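To start, the structure under review is shown below, and the notes come after it.
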Amino acid sequence: MPRCRVFWAASEPPAVTAVYLETGLRHWADHGIGLWVLRTHGGTFMGRAALRYVDLEGVPELEVAYTFARSAWGQGFATEVTQALVEIWRTRCAEQSLVGIVMKGNAPSERVLLKAGFAYERDAVFHEETCGVFRRAR
């Protein structure tokens, strides 16, 4: 598996992608927030980021999420995007806290969340993987 895919799901079949897109568009329609595609000024895909509602072990949570192409790693983009998502949550959302869910072993993403004011809360199972849950409260 290419290194950039370790923490990023592999390509999915068209039918799975169609359901993912439909779900994402419905999330925008229902909540006014969701997934953003991140591109350079020239249009090159750099990654994606989201404020989205997820089910975390039976509890609804508002999650900050991001994934970047390998070429974008280590340049501060995740920190910048996370800070922007936190600001959107702070100014447009009513939830009293925001979570970041990080696959075990992804220390760079843990550091991004810590820099953005999140604190480690606990481990949890998310999409059948053991992850760290980080939380930022108002």
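Mapping the sequence shown onto our numbering, position 80 (from 1) lands on 1464, and the numbers just tick up by one.
Even for Gly, the Cβ is constructed at its ideal location relative to N, Cα and C.
Predicted model only: the values in this text are computed from it and were never measured.
State the beta-bridge partners of Ala1449 as determined by DSSP. Position 65 of the sequence shown, counting from 1, holds the residue named residue 1449. Note: Ala1449 sits in a beta bridge opposite Ala1434.
Opposing strand residues paired with Tyr1504 [DSSP bridges]: The sequence position of residue 1504 within the sequence shown is 120, counting from 1. In the DSSP secondary-structure assignment, Tyr1504 is bridged to Phe1518.
In this structure, does DSSP put Ile1417 in helix, strand or coil? Position 33 of the sequence shown, counted from the start, is the residue given in the question as residue 1417. Coil, per DSSP.
Can you tell me which of Glu1396, Ala1402 and Ala1434 puts its alpha carbon nearest to the alpha carbon of Trp1412? In the sequence shown, the residue the question calls residue 1412 occupies position 28. For the residues Glu1396, Ala1402 and Ala1434, the minimum Cα distance to Trp1412 belongs to Ala1434.
Can you name the start and end residues of the beta strand (DSSP E) that Ser1481 belongs to? For this step, residue 1481 is matched to residue 97 along the sequence shown. Run containing Ser1481: Ser1481 to Met1487, per the beta strand (DSSP E) assignment.
Can you tell which of Thr1463, Gln1480 and Met1430 has its C-alpha closest to the C-alpha of Leu1446? Working through the sequence shown from its first residue, we reach residue 1446 at position 62. With distances taken between Cα atoms, Leu1446 lies closest to Gln1480.
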